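Q:
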Amino acid sequence: MEKTIDESAKTSELNNPLSYAALTQEFLGFLRTERDASPHTIINYEIDLRHWLKYFAEKHGPHFGLQDLSSLKLLREFLASEMETYERSTVSRRLSVIKSFFKYLHREGYLEKNVAKLISLPRPEEKLPDVLKPEQVVQLIDSIPNNSLREKRSRAVVELLYSTGIRISELIGLNHSSVDFKAGIIRVIGKGNKERAVPMGQHCQTALRDYLESMPPSQNYGPETPLFLNRDGERVTVRTIQRNLREIAVNSLGRDGVKVSPHTLRHSCATHLLAGGAGLREIQELLGHRSLVTTQKYTHVDVSRLKASYDKAHPRERDRDTSHDKDKE
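If you read the sequence shown in the numbering used here, its first letter stands for residue 1, the second for the next number, and so on.
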């Protein structure tokens, strides 16, 4: 790979803060061409690296070299500062980006040592996302008008996210060929480029048919045409889906209600299935989790429902209920 910094000037250039921009772009170029990283990933990496460099510039002034950045002491100071301000998941993500950057710089000969590998990622917080109640999901869907093509798309998207529990990235990647109404399934390409078949509920199928039948007949739709299109006839973006869902949630549940995202609907789907009697193995297959441990952390049952199930299932509790009935007689 051709370097953006001349080898002979490497040492002197790295003492110039302006060279950090060039190093960052070289690293991002490596991710783009060699690792086939998505544009979304590239943007996020660049934002996190800029945040890190901005911290050093504000803390230590503009005149610092690459060796200063690679100081284990200063790197730990940065992480300690981050932990005081940001959530652990954010700090963990930024450290992961920095570690990847350091690994690249060390391999390319810019750094003699990779001190970042001595620092472990913070343990993730055991924080579950918000989950909607079944009646809130109905309220959310029923609040969506069903007149314009955009409204029909929104209704189909929400129905599909809740009915199948698929990821937002999987949803926008769907094509016309992904849908099999006869079998009542969609074929999803998940993480690791693995395909899985996911069943659709009847409400979901109805909303999806309504949306597809409302598409302009003048356009030429083929099997590989994106399932969800924007007004320019291009594949809809993650940002558009997220923005539309936030608007729908505010209109239906109010600004003080649960914050609704595609992930909220995914989690609600899994939680409601578990509460309804679906097994963890089935939910694991539905969600496309590699490990059952992920599914166990992802789903939960509210305490009242768990208590009711316990009272109904435990032998001692059943005996107690029977004795109460006899006392009433």
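Where a beta carbon is used, it is the ideal one built from N, C-alpha and C, also for glycine.
Remember, predicted model here, so these are calculated numbers, not experimental data.
(1) Taking CB distances under 9 Å as the criterion, tell me whether L273 reaches chain B.
(2) So, do the segment 184-203 and the segment 161-172 have three or more beta carbon pairs nearer to each other than 8 Å?
(3) Considering only DSSP beta bridges, list what P199 is partnered with.
(4) Evaluate A80 with the Cβ neighbour count: other Cβ atoms within 10 Å of its Cβ, from every protein chain shown; 16 or more gives buried, anything less gives exposed.
(5) Decide yes or no for the touch test of the segment 244-259 against the segment 149-158: beta carbon pairs closer than 8 Å, at least 3 of them.
(6) Whose C-beta lies closer than 7 Å to the C-beta of A116 among residues of the same chain, with five residues either side of it excluded?
(7) When we look at the beta-carbon of D48 and count the other beta-carbons within 10 Å, is it buried (16 or more) or exposed?
(8) Assuming the contact rule is C-beta atoms closer than 8 Å, R196 and E285 should be a hit. Round their C-beta distance to whole Å, please.
(9) With DSSP as the reference, label D180 as helix, strand or coil.
(10) Spatial neighbours of T225 within its chain, please: C-beta separation below 8 Å, excluding the five flanking residues on both sides.
(11) Name, in chain order, the residues that DSSP records as bridge partners for R235.
(12) Specify the secondary structure class of N175 as computed by DSSP and reduced to three states.
(13) Just verifying my parser: in three-state terms, what is the DSSP assignment at N244?
(14) Beta carbon of S38, beta carbon of I144: below 9 Å?
(15) Taking the alpha carbon of G201 as the reference point, which residue from M215, L212, F181 and Y211 has its own alpha carbon closest?
(16) Quick check: what's the CA-CA separation for T41 versus K59?
(17) Which residues mark the beginning and the end of the alpha helix (DSSP H) in which H58 is found?
(18) Excluding sequence positions up to five away, which residues of its chain have a Cβ less than 8 Å from the Cβ of P223?
(19) Distance check for P199 and L95, CA to CA, integer angstroms please.
(20) Just to confirm before moving on: does the CB-CB distance between I185 and E159 stay below 9 Å?
(21) Measure how close the beta-carbons of A131 and T271 come, nearest whole angstrom, since I'm counting them as under 8 Å.
(22) Where does T264 land, buried or exposed, given buried means 16+ other C-beta within 10 angstroms?
(23) Should A207 go down as buried or exposed, given a rule of 16 or more other Cβ atoms within 10 Å for buried?
(24) Which runs of the alpha helix (DSSP H) fall wholly inside the segment 127-169 and span at least 4 residues, in chain order?
(25) Helix, strand or coil for P122, going by three-state DSSP, please let me know.
(26) Taking just the CA atoms, how far does L66 sit from N15?
(27) When the Cα atoms are used, what is the spatial distance from R150 to N230?
(28) With a 10 Å radius around its C-beta and 16 neighbouring C-beta atoms as the bar for buried, classify L161 as buried or exposed.
A: If we stick to the structure as given:
(1) Here there is only one protein chain, and chain B is not present.
(2) The segment 184-203 is in contact with the segment 161-172.
(3) Looking at the DSSP assignment, P199 forms a beta bridge with I185.
(4) By the neighbour-count rule (16 or more Cβ atoms within 10 Å), A80 is not buried but exposed.
(5) The segment 244-259, when compared against the segment 149-158, does touch it at the 8 Å Cβ threshold.
(6) Only L75, I98, K99 and F102 meet the Cβ criterion.
(7) Its Cβ being crowded by 16 or more others within 10 Å, D48 is buried.
(8) At roughly 7 Å, the Cβ-Cβ gap stays under 8 Å, so R196 and E285 are in contact.
(9) Looking at D180 - three-state DSSP - the assignment turns out to be strand.
(10) Here T225 has N175 and H176 as same chain residues with Cβ atoms under 8 Å from its own Cβ, once five neighbours each way along the sequence are excluded.
(11) In DSSP, R235 forms a bridge with L229.
(12) DSSP places N175 in strand when its eight states are reduced to three.
(13) Shown here, N244 sits in a helix according to DSSP, grouped into three states.
(14) Using a Cβ distance threshold of 9 Å, S38 and I144 do not count as a contacting pair.
(15) Checked all of M215, L212, F181 and Y211; the closest Cα to G201 is F181.
(16) The straight-line gap from Cα to Cα measures roughly 27 Å.
(17) Before going further, note that residue 58 is Glu rather than His in the sequence given. Secondary structure note for E58: its alpha helix (DSSP H) is the uninterrupted segment P39 to H60.
(18) The residues N175, H176 and S177, in chain order, have a CB closer than 8 Å to that of P223 in the same chain once the five nearest residues on each side in sequence are set aside.
(19) Taking the straight line from one Cα to the other gives about 38 Å.
(20) No; because the gap between Cβ atoms is not below 9 Å, this pair is not in contact.
(21) First, the residue type needs correcting, since residue 131 is Val and not Ala in the sequence shown. Right, the Cβ-Cβ distance comes to about 5 Å (below 8 Å), so this counts as a contact.
(22) Buried is the call here.
(23) Answer is buried; the Cβ neighbour count reaches 16.
(24) Within the segment 127-169, the complete alpha helix (DSSP H) segments at least 4 residues long are 134-142 and 149-164, listed from N- to C-terminus.
(25) Coil at P122, not helix or strand.
(26) The pLDDT assigned to N15 is 44, lower than 50, so where the model puts this residue is not dependable; a value taken from the coordinates is nonetheless given after this. C-alpha separation (whole angstroms): 6 Å.
(27) Near 8 Å, if we compare the C-alpha coordinates of N230 and R150.
(28) Counting Cβ neighbours within 10 Å, L161 comes out buried, since at least 16 surround it.
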